[in-house]
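Student:
There are 2 protein chains.
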Amino acid sequence: MTPMKEDYLKIIFELGGTHKKVSNKQIALSLNVAAGSVTEMISKMTEEGLAVHVPYSGISLTKKGVRAAEELVRKHRLWEVFLVEKLGYSLADIHDEAEQLEHVTSDRMINALDEMLGNPTHCPHGGIIPDRSGHYHEDSHQVLNDAKDGDIVTVDRFIDNHDLLTYLGELKLDIGDQVKVLKHDPFEGPVTVQNLTDDTELIVSYKAAHYVFVK
Amino acid sequence: MTPMKEDYLKIIFELGGTHKKVSNKQIALSLNVAAGSVTEMISKMTEEGLAVHVPYSGISLTKKGVRAAEELVRKHRLWEVFLVEKLGYSLADIHDEAEQLEHVTSDRMINALDEMLGNPTHCPHGGIIPDRSGHYHEDSHQVLNDAKDGDIVTVDRFIDNHDLLTYLGELKLDIGDQVKVLKHDPFEGPVTVQNLTDDTELIVSYKAAHYVFVK
DNA sequence: CAATATTTTTTGGTTCGCCAAAAAAATGCA
DNA sequence: TGCATTTTTTTGGCGAACCAAAAAATATTG
């Protein structure tokens with residue numbers, strides 16, 4: 001297991017790889033790597049029994065892969081709690097630090113940290129922290145980009161990336177907002193939505209629209 | 001800066017690269033890499049202004065290199081304090097964990113951690129923790145292997161590697177012990193010493209004799 | 001339903017750090 | 001001093017993860 005494999009694992013998990021096939025493109029976009037790199041890495045993960053890959057069709061996680069991903073999410077979110085509660089970090093600054101820490105955290109360490117923090121149940125972004133046995137269920141898996149023009153959806157969760165959070169903050173798109181999807185521009189152009197909460201029109205980049213989960 | 005460069009930096013620092021030239025061999029031995037790998041890595045570090053290399057003579061650190069190494073020592077030791085005080089780790093288990101953590105620790109994070117821990121001055125092994133500006137001075141730089149047969153020296157400090165600490169624990173060689181060096185076996189053989197504290201004879205491996213600092 | 005567009009995979013090439021073995025320089029001892 | 005040993009550097013190669021561009025497969029749509 002390498003930090004890179006861990007990143008792939010976590011992204012596939014976050015994109016819904018537990019219960020549906022995720023496309024190469026989604027992964028490449030999320031990790032900022034070329035499509036070819038994804039194909040290559042996935043073939044290694046398939047050999048190791050972490051993922052299942054049907055060529056030209058999609059990628060999903062095996063039980064083993066899901067288990068490993070949950071462990072990583074647990075580590076990530078517990079470190080986020082630590083950074084906020086113990087080191088006085090603010091919400092927007094914790095993701096990147098936790099991203100690094102999670103890759104060098106042993107089981108023993110994370111369990112001790114969990115206890116020290118008083119076994120918190122949620123990370124500072126509102127996500128659920130899996131317990132020691134890794135179980136939990138995140139509810140929303142549909143992404144803003146998947147919604148059809150005309151759909152009305154509720155913003156439920158963001159992938160916690162610093163630049164994304166900053167961008168969405170500037171756009172004034174928050175968790176809980178109801179939005180109506182107006183149009184998808186071609187050529188990976190932005191998605192235009194109407195925020196029904198304050199009745200403004202927002203233009204969300206193609207990439208960001210893959211990071212915003214809706215119901 | 002990569003984790004590997006950081007490891008080289010720290011080892012050169014610990015072997016005395018601030019005030020004398022360190023040999024390729026010492027570094028290779030400490031990091032468990034081939035001599036050729038050291039030459040290669042050092043040439044990169046020289047280009048980056050971290051080290052000075054006189055071919056066939058030895059390697060030492062530049063001011064910039066020393067500064068970076070001190071920063072790493074600070075991170076390492078503060079994490080060690082954290083592991084013992086906050087997570088309930090025992091002495092022998094902290095080194096490897098801190099080794100990983102130090103490579104993913106930003107300046108902001110380490111300063112916040114320092115404060116959270118109450119600005120400790122020493123790590124659990126007794127080493128001095130450099131302050132925010134990186135200053136401090138470790139006193140012993142001569143290694144057991146450097147002592148001549150017949151010399152009587154005092155054990156002052158160990159490089160805190162888990163296997164080493166376990167090995168030395170079994171040998172019953174502790175900090176503060178006075179020992180008389182009896183002989184150095186050829187072909188990288190062990191060093192035989194007499195522990196004057198309890199008057200026993202100890203056989204210390206060639207490699208370990210490079211990790212034990214004496215005065 | 002054929003032509004175009006998109007997505008995915010394949011191919012060839014890069015960098016980083018590692019190694020083993022060969023060659024060169026320095027050291028040590030007779 | 002001179003030959004053998006040790007240390008260091010050089011050389012050629014490997015695996016991991018990346019990329020860009022070409023080729024193959026799939027999807028869309030006029």
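Residue numbers (the UniProt record's numbering), protein chains in the order written: chain A, 1 to 215; chain B, 1 to 215.
All C-beta atoms, glycine included, are put in the ideal place defined by N, C-alpha and C.
As the structure is a computational prediction, the values presented were derived from the model and not from experiment.
#1: Does the beta-carbon distance from R157/A to F82/A come in below 9 Å?
#2: Kindly give me the distance between the Cβ atoms of L29/A and H210/A, rounded to whole angstroms, as I take these residues to be in contact under 8 Å.
#3: Tell me which residues share the same chain as F187/A and place their Cβ nearer than 8 Å to its Cβ, disregarding the 5 neighbours each side in the sequence.
#4: Pairing CB atoms from the stretch 65–83 of chain B with CB atoms from the stretch 91–111 of chain B, are three or more of them under 8 Å?
#5: Interface residues of chain B around G88/A at Cβ under 8 Å?
#6: Classify E71/A: buried if its beta carbon has 16 or more other beta carbons within 10 angstroms, exposed otherwise.
#7: Looking only at DSSP bridge pairs, what is V66/A linked to?
#8: Pair every Cβ in the stretch 4–15 of chain B with every Cβ in the stretch 42–58 of chain B, then say whether three or more of these pairs are closer than 8 Å.
#9: Run through the DSSP bridge pairs and tell me what L61/A is partnered with.
#10: Terminal residues of the continuous beta strand (DSSP E) containing D156/B?
#11: In the DSSP output, what is T197/B paired with across the bridge?
#12: Taking C-alpha atoms, which residue in N145/B, T192/B, P190/B, R77/B lies nearest to D160/B?
#13: Taking C-beta pairs closer than 9 Å, name the residues in chain A that E70/B reaches, listed in chain order.
#14: Using a cut-off of 8 Å between C-beta atoms, extract the partners of M1/A located in chain B.
#15: Can you tell which of P3/A, Y206/A, P55/A has the C-alpha that lies nearest to the C-alpha of V104/A?
#16: Counting only beta-carbon atoms, is residue 216/B nearer than 9 Å to chain A?
#17: If I follow the unbroken alpha helix (DSSP H) through H95/A, where does it start and stop?
#18: Check whether the Cβ of S106/B lies closer than 9 Å to any Cβ atom in chain A.
#19: Pick from W79/B, I128/B, I27/B, Q194/B: whose alpha carbon is nearest that of A112/B?
#20: Answer with yes or no whether the minimum CB distance from L144/A to chain B is below 9 Å.
#21: Assuming Y206/B and V193/B form a contact by the criterion Cβ under 8 Å, report the distance between their Cβ atoms to the nearest whole angstrom.
#22: Under 9 Å between the Cβ atoms of D151/B and K183/B?
#23: Starting from H135/A, follow its DSSP beta bridges and name the residues at the other end.
#24: Let's see if you can read the secondary structure: which residues bound the alpha helix (DSSP H) around H162/A?
#25: Just to confirm the assignment, what range does the alpha helix (DSSP H) spanning L9/A have?
#26: Helix, strand or coil, according to DSSP, for H33/B in the structure here?
#27: By DSSP, does H19/A sit in helix, in strand, or in coil?
#28: Using the Cα positions of L173/A and N195/A, report the straight-line distance between them to the nearest angstrom.
#29: Closest to K64/A by CA distance: which of E40/A, E102/A, G17/A, N32/A is it?
#30: Examine chain B for any beta-carbon lying closer than 9 Å to the beta-carbon of H210/A, and answer yes or no.
#31: Closer than 8 Å to a non-hydrogen atom of the ligand COA - does that hold for the CB of D156/A?
#32: Looking at the structure shown, is K86/B part of a helix, part of a strand, or coil, going by DSSP?
#33: Beta-carbon within less than 7 Å of A68/A's beta-carbon, same chain only, minus the 5 sequence neighbours each way: which residues are those?
#34: Kindly indicate which three-state DSSP category L72/A falls into: helix, strand or coil?
#35: Under 8 Å by Cβ, that's how I've got K75/A and I110/A pegged, so tell me the actual separation to the nearest angstrom.
#36: Please classify T46/B: does DSSP put it in a helix, a strand, or coil?
Tutor: According to the data block:
#1: no
#2: 6 Å
#3: none
#4: yes
#5: A112
#6: buried
#7: Paired residues: none, contrary to the question.
#8: yes
#9: A51/A
#10: 152–158
#11: T197/B pairs with nothing; no bridge assigned.
#12: R77/B
#13: Simply none; closest approach about 21 Å.
#14: Residues of chain B passing the Cβ test: none, with the nearest at roughly 14 Å.
#15: P3/A
#16: Absent from the structure is residue 216/B, since the part of chain B shown begins at 1 and ends at 215.
#17: 94–101
#18: yes
#19: W79/B
#20: no
#21: At roughly 13 Å, the Cβ-Cβ gap does not stay under 8 Å, so Y206/B and V193/B are not in contact.
#22: no
#23: Answer is none; H135/A lacks a bridge partner.
#24: 162–171
#25: 3–14
#26: First, the residue type needs correcting, since residue 33/B is Val and not His in the sequence shown. Reduced to three states, the DSSP call for V33/B is coil.
#27: coil
#28: 8 Å
#29: G17/A
#30: no
#31: No copy of the ligand COA occurs in the structure displayed, which carries no ligand at all.
#32: coil
#33: L9, L50
#34: helix
#35: 5 Å
#36: helix
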